[in-house]
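Participant:
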Amino acid sequence: MAGVCTGTMLWAHAGVITGRRANTHYTAHEELAELGVVVVPDRVVDDGDLVTSGGVTSDSTSRCGWWRAN
Numbered sequence: 015m016a017g018v019c020t021g022t023m024l025w026a027h028a029g030v031i032t033g034r035r036a037n038t039h040y041t042a043h044e045e046l047a048e049l050g051v052v053v054v055p056d057r058v059v060d061d062g063d064l065v066t067s068g069g070v071t072s073d074s075t076s077r078c079g080w081w082r083a084n
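Residue 15 is where the sequence shown starts when you use the working numbering, and the numbers rise one by one after that.
1) Under the DSSP definition of a beta bridge, which residues are partnered with valine 51?
2) According to the Cβ coordinates, are threonine 38 and cysteine 19 closer than 8 Å?
3) Taking the beta strand (DSSP E) that threonine 22 falls in, what are its first and last residues?
4) Output needed for arginine 34: all residues of its chain with C-beta closer than 8 Å, excluding positions within five of it in sequence on either side, in chain order.
5) Report back the beta-carbon spacing between tyrosine 40 and glycine 68 to the nearest angstrom; my notes put them in contact at under 8 Å.
6) With DSSP as the reference, please indicate the residues paired to valine 30 in a beta bridge.
7) Measuring CA to CA, which of Ala26, Leu24, Ala36 is closest to threonine 66?
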């Protein structure tokens, strides 16, 4: 399974990743923890058959995309 940014919250609300190590967008860390997930603030969290990521930032990533497009 995989979850990127707040997509990880879908797994959490379904109860599929309760007790597992995962990450989501930093603004949802508290909610993720309240759903019984062990929040790991690493960019990518590999928990065996579950890989999650905090997503992209709106700062440098957006600028790189803009630079390539222009």
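Ideal placement from N, C-alpha and C gives every residue a C-beta, glycine not left out.
Facilitator: Taking the geometry as given:
1) For valine 51, DSSP records no beta bridge to any residue.
2) yes
3) Note, threonine 22: premise wrong, no beta strand (DSSP E); alpha helix (DSSP H) at 22-27.
4) In the same chain as arginine 34, and ignoring 5 residues on each side of it, the C-beta atoms closer than 8 Å to its own belong to Val51, Val52, Asp61, Leu64, in chain order.
5) 6 Å
6) Per DSSP, none; premise fails for valine 30.
7) Nearest C-alpha to threonine 66: Ala36.
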